[in-house]
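For reference, the structure discussed in these notes is given below.
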Amino acid sequence: MPESLQSKPLHGHDSTTLVQLPDLFILFLSEAPAVNPHYANVKGESEKWIAETCCMNDRSRKILTKTNFALFLSIAAPEARVEELRTLFDWGNWVFPFDDMFDNGHLKDDVQNGQIMIDALMHRMRDDKAELPAPLQSPLIDVHNSVWERVVEGAPRGVQKRFARAMADYSHGVISQVEVCSSGENVSLEEVLALRRHSAGVSPLFPLIEYAHRLRIPDQVFECPSIKEIERVGIDFVVLQNDILSYWKEEKEGVIHNLVAVCRNAGMSAQAAFDHLGYMLQTRYRDWYLALASLPSWGNEIDAEVQNYIRGVQNVVKANLHWSFSSGRYFGDAVHEVRKTKKIRVQKRETDFIPRGGPIDRVGTYEPVLLSRV
868 MPESLQSKPL HGHDSTTLVQ LPDLFILFLS EAPAVNPHYA NVKGESEKWI AETCCMNDRS
928 RKILTKTNFA LFLSIAAPEA RVEELRTLFD WGNWVFPFDD MFDNGHLKDD VQNGQIMIDA
988 LMHRMRDDKA ELPAPLQSPL IDVHNSVWER VVEGAPRGVQ KRFARAMADY SHGVISQVEV
1048 CSSGENVSLE EVLALRRHSA GVSPLFPLIE YAHRLRIPDQ VFECPSIKEI ERVGIDFVVL
1108 QNDILSYWKE EKEGVIHNLV AVCRNAGMSA QAAFDHLGYM LQTRYRDWYL ALASLPSWGN
1168 EIDAEVQNYI RGVQNVVKAN LHWSFSSGRY FGDAVHEVRK TKKIRVQKRE TDFIPRGGPI
1228 DRVGTYEPVL LSRV
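When the letters of the sequence shown are read in order and numbered with the numbering used here, they come out as residues 868 to 1241.
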């Protein structure tokens, strides 16, 4: 059978093993998402602009269109107006080519040049009036500077600060990820998860949703432990979903910071690794509802805005899952079959011959409760 995007995830040979994916479309993720009605029109405008600004070739343009991060953001901000939705689309269409340079591109193990790129990215947000030195200028940086300018013009100061802080956290996470990849050192599941919370680029979406839905929430609300926990759990949901669904693709690219890869490198079988990430997802549902239960009240008007913000975090989680099964980024033409069967094929290792639920080398007996704090 010829290798194709359609055949790879589910059909293999003796060097692969079939694994069952965790249940992902459950509880609040079982509902069909609302999609912004301006999605189709704004999508084309954004993709055309970034392709022209970055002088993309035909192949890059096709990848941009097929990735379709506009759908993600249309689910994340279903009530955004055209102007704000366009800003979100531009950021989303920026983040994938930017992030791919560090994930599996020329900067994945180049700390020095990676730091130069990050410094260029953060330059405008650190000083609105400063001009970027010529050696640091690039079309991708110009795109993000345009997004930043629109956030500054259209959002309260608190939203601006939260977005800039989230982008700083993302930048720090990206460089830390490059340092880990270049060092060749083994890292624990806890360490990688802490790293991925920043490098996955989820946290900037939350203030962008504030901006897009024109929310007006006092800054002190974001110091509330329940709000911080909701944000933390929302990020974890996206990271865990992403690493489960992207592993088939990233295994072939040699990505070592995927959480499934970390579990397998620690000695878990392929199925045990996917099962454990499924268990981690289950604990996040518990944490989510506990955080909601402990949420204080700030009065009627603020509470209404806070509920819209929480719904925005929830929509980001929902958007990531539904987009992952719509874009073709991870499973190509086999995406519908993967969703239906919840099965994919991954490369075999010696640990895959250990019975499901059996002892795992260097990890101990596979009992999820032993890792429940992860």
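Every residue gets a Cβ at the ideal spot worked out from N, C-alpha and C, and that includes glycine. Computed from a prediction, not measured in an experiment: that's the story for all the values here.
Assigned secondary structure, K975 (DSSP; H/G/I helix, E/B strand, else coil): In the three-state reduction of the DSSP assignment, K975 falls in the coil class.
Distance CB(H1203)-CB(I942) smaller than 9 Å: With contacts defined by Cβ atoms closer than 9 Å, H1203 and I942 do not form a contacting pair.
Three-state secondary structure (DSSP) of V1054: Collapsing the DSSP output to three states places V1054 in coil.
DSSP state of R1212 mapped onto helix, strand, coil: Residue state, collapsed to three classes: strand.
Neighbourhood of G1145 by C-beta distance below 6 Å, restricted to the same chain and skipping five residues each side: For G1145, the CB contacts under 6 Å within the same chain, skipping 5 residues up- and downstream, are P889 in chain order.
Candidates M992, L891, V949, G911, of which the one nearest N960 by Cα: Nearest of M992, L891, V949, G911 to N960, Cα basis: G911.
According to DSSP, residues forming a beta bridge with V886: Note: V886 sits in a beta bridge opposite I1211.
Nearest-angstrom Cα separation, counted from L1062 out to Q1214: C-alpha of Q1214 to C-alpha of L1062: approximately 25 Å in a straight line.
Nearest to I1042 (by Cα), restricted to the options H1065, V909, S1005: H1065 is the residue among H1065, V909, S1005 whose C-alpha sits nearest the C-alpha of I1042.
Straight-line gap, K1185 to E1020 (C-alpha atoms, nearest Å): K1185 and E1020 have their alpha carbons spaced roughly 29 Å apart.
Euclidean distance between Cα positions of N980 and T1208: Using only the alpha carbons, I get a separation of about 42 Å.
Under 9 Å between C-beta atoms of V902 and P945: Yes, the Cβ-Cβ distance between V902 and P945 is below 9 Å.
Among E1117, K1095, N935, the one whose alpha carbon lies nearest that of F956: For the residues E1117, K1095, N935, the minimum Cα distance to F956 belongs to N935.
For N903, the three-state DSSP class (helix, strand or coil): Assignment of N903 by DSSP, reduced to helix, strand and coil, places it in the coil class.
Residue from N1125, Y1152, N1167 whose Cα sits closest to the Cα of V1059: Residue N1125 is the option with its Cα nearest to V1059.
Cut-off 8 Å between Cβ atoms - residues of its own chain near A1035, not counting five sequence neighbours on either side: The beta carbon of A1035 sits closer than 8 Å to the beta carbons of M989, M992 from its chain, once the five residues preceding and following it are set aside; these are given in chain order.
First through last residue of the alpha helix (DSSP H) which encompasses Q1174: From DSSP, the alpha helix (DSSP H) with Q1174 extends over 1167-1191.
C-beta contact flag for V1045 and D976 at 9 Å: Yes.
Limits of the unbroken alpha helix (DSSP H) element including N1012: From DSSP, the alpha helix (DSSP H) with N1012 extends over 1006-1021.
From Y1176, P904, D967, residue whose alpha carbon lies closest to that of I1097: Closest by alpha carbon: Y1176.
For V886 and K1210, believed in contact at Cβ under 8 Å, the rounded distance: Indeed, because the Cβ distance is near 7 Å, the residues count as touching under 8 Å.
Contact belief for L894 with Y1152 at Cβ below 8 Å, rounded distance in angstroms: 6 Å between Cβ atoms; contact.
H1080 versus V978 - alpha carbon distance: Each residue's Cα considered, the two are about 37 Å apart.
Coil, strand or helix - I983 by DSSP: In the three-state reduction of the DSSP assignment, I983 falls in the helix class.
Contact set for R928: own chain, Cβ-Cβ below 6 Å, skip 5 residues either direction: A918, listed in sequence order.
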